[in-house]
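For the sequence shown, our numbering assigns the number 61 to the initial residue and increments by one for each residue that follows.
Note that beta-carbon positions come from the ideal geometry of N, C-alpha and C, so glycine has one too.
Some notes on the structure that comes next.
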Amino acid sequence: MNSAARAKYPHLASGLIAAVLAAVGVTAGVLFCERFEAQNIHALATNFSLAKIQGGVLQKHAFAAPDLLVLYGSSELEKKEPNNANEFFRDYPSGFRVFPVGQPGTTALAVLQKIAAAGGSVEGRKVAYSISPGVYFAEVWGPEYYEGNFSHLQAYELAFSNHLSWDLKSDIARRMLDFPKTLEDDRLLEAALQRLAGDTLGDRILYAAMWPLGRLHTAIGRAQDHFQAAIMIDDLAEGSAEPKRRAGALTWKGLLQRAAKFANRAAIETWKREAANRNQRQLDRRKKATQTRRLMRKVSLAREWVDLELLIRTFLELGVEPLLLSMPVEDIRLDVYGVSAEARAAYLDRLHELATRYGVALADFREHQHDPAFLIDFHDHLSPEGWLHYNKAIDDFYHGRPLHP
């Protein structure tokens with residue numbers, strides 16, 4: 061800009077200089093945050109802050125670390141139960157620890173947005189996903205759970221992703237639009253999802269017109285995510301020290317034998333039996349048959365199956381190798397529901413059909429469906445013994461060993 065132009069447009073010149081300095085400052089800040097996050101990512105494995113659960117950058121760092129295995133799930137991850145994977149693998153007993161990501165009510169549609177936010181960083185890595193069977197025994201799971209887990213940043217990362225196909229994003233967008241409350245204050249995101257879901261030539265043209273603004277919005281959100289993550293790490297610095305690593309292999313046979321002797325095992329079985337007996341006294345044979353038909357219909361129509369398939373497709377398009385972990389549907393839980401084992405078989409058959417069709421690893425722990433102490437309640441929370449079986453499957457998966465009961 062020459063001297064005459066500078067004299068004529070003084071505010072333009074100063075504005076450009078300020079914009080360049082701001083861009084340089086933000087870039088430098090983001091680079092600093094990235095290094096800070098990478099240095100502390102291992103110490104954040106036990107953390108369940110919003111920066112970790114609803115952001116994207118910390119999950120990217122976790123996927124980049126070869127000695128971390130990202131484990132997605134729901135409330136079972138946060139529950140302070142002996143042998144939970146978070147604590148069991150804390151000191152790297154077989155060379156790695158898990159990096160759990162989840163909170164109560166997290167279902168497949170929320171998980172696929174989380175891993176989409178990690179983008180290309182997941183390619184070639186392994187990931188585990190803990191499935192709560194209870195959500196498949198309802199035709200429509202409570203929308204408030206999805207709304208409570210919704211992240212605008214993760215949704216933008218998905219909607220304007222370079223790593224997912226148009227067809228997959230289109231299918232996902234249709235499901236996201238089923239939850240209009242999450243989009244009420246975000247016209248750009250809502251419009252992008254509508255264009256993806258519409259999938260006409262006009263929709264594609266309008267989506268392409270939105271693309272630059274969407275990518276800019278995503279970049280701004282990502283920069284904010286970096287700063288929020290760095291602030292969180294700084295706040296937790298005193299209590300997030302990395303534990304001393306314990307070298308060696310796990311002796312699973314001995315661990316599982318000792319787990320069967322846990323002191324609270326009898327108490328769990330007694331409590332569950334009492335609950336089942338109380339429920340069964342209220343159900344005659346005719347009512348039980350009606351209940352079974354009703355529940356099997358719910359299992360067959362559950363929207364969560366659509367979301368699980370979308371999640372598996374997301375895993376595979378991103379080039380990640382997934383392990384699906386499904387808690388067993390225990391006999392005692394069927395008694396409490398007042399239904400026959402047919403409903404459980406319908407759930408397992410559908411789950412195996414999906415896993416087989418897409419060629420993904422599945423551990424369903426069906427050999428424990430007659431054990432009333434694998435879970436501690438009827439809300440899909442693992443007992444100490446149940447966690448050990450989960451941990452063995454996770455350990456075998458990480459090390460490339462066959463999954464055995």
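Check: R275 burial status per 10 Å Cβ neighbour count (16 or more: buried); Outcome: exposed
Check: Where the beta strand (DSSP E) through L422 begins and ends; Outcome: A421 to A423
Check: Contact between the stretch 449-465 and the stretch 149-158 (3+ Cβ pairs under 8 angstroms); Outcome: yes
Check: Three CB pairs or more closer than 8 angstroms across the stretch 389-402 and the stretch 347-359; Outcome: yes
Check: Rounded straight-line distance, which links the Cα of R255 to that of E445; Outcome: 48 angstroms
Check: Secondary structure of G162, DSSP reduced to three states; Outcome: strand
Check: Three-way DSSP call (helix, strand, coil) for R157 in this model; Outcome: strand
Check: Rounded separation between L316 and F96 - CA only; Outcome: 39 angstroms
Check: Simplified DSSP state of L310, which is helix, strand or coil; Outcome: coil
Check: DSSP bridge partner residues for Y191 (one or two, in chain order); Outcome: Residue identity check: residue 191 is Ile in the sequence provided, not Tyr. Answer is S386, bridged to I191.
Check: Unbroken beta strand (DSSP E) run spanning Y205, endpoints; Outcome: Looking at the DSSP string, Y205 is not in any beta strand (DSSP E); the run it does join, the alpha helix (DSSP H), is P203 to N209.
Check: Span separating the alpha-carbon of G299 from that of V161; Outcome: With a pLDDT of 49 at G299, under the threshold of 50, the predicted position of this residue should be treated as unreliable, and no value is reported.
Check: 9 angstroms Cβ cutoff met for R393 and L435; Outcome: yes
Check: G398, enclosing beta strand (DSSP E) - first and last residue; Outcome: Here G398 belongs to no beta strand (DSSP E), and DSSP marks it neither H nor E.
Check: C-alpha distance - G419 paired with K174, whole-angstrom precision; Outcome: 22 angstroms
Check: Straight-line gap, R116 to R305 (C-alpha atoms, nearest Å); Outcome: The amino acid at residue 116 is misidentified as Arg; the sequence shows Gly. Cα to Cα, G116 sits roughly 27 angstroms from R305.
Check: L422 and H430 closer than 9 angstroms at C-beta; Outcome: no
Check: Proximal residues to R234 (C-beta, below 6 angstroms), its chain only, five neighbours per side dropped; Outcome: A257
Check: Selected residue, minimal CA-CA separation from L249, among E204, A309 and H277; Outcome: H277
Check: Cβ-Cβ distance between P303 and R150 below 9 angstroms; Outcome: yes
Check: Residue interval of the beta strand (DSSP E) (run including V200); Outcome: Counting along the chain, V200 falls outside any beta strand (DSSP E), and DSSP gives it neither H nor E.
Check: Beta-carbon gap between A170 and Y216 smaller than 9 angstroms; Outcome: no
Check: Between the CA atoms of R333 and G180 - distance to the nearest angstrom; Outcome: 48 angstroms
Check: Same chain, Cβ closer than 7 angstroms to L361, five either side skipped, listed in chain order; Outcome: E199
Check: Continuous beta strand (DSSP E) stretch holding Y132: start and end; Outcome: L128 to G133
Check: Residues of its chain near K358, where Cβ-Cβ distance is below 7 angstroms and the 5 sequence neighbours each way are ignored; Outcome: F197, A198 and E199
Check: Sequence-distant residues of the same chain with beta carbon closer than 7 angstroms to A98, five excluded per side; Outcome: H121
Check: Distance between V187 and Y132 (C-alpha atoms, nearest Å); Outcome: 8 angstroms
Check: E381 - partner residues in DSSP beta bridges; Outcome: K186
Check: D391 and P193 closer than 9 angstroms at C-beta; Outcome: no
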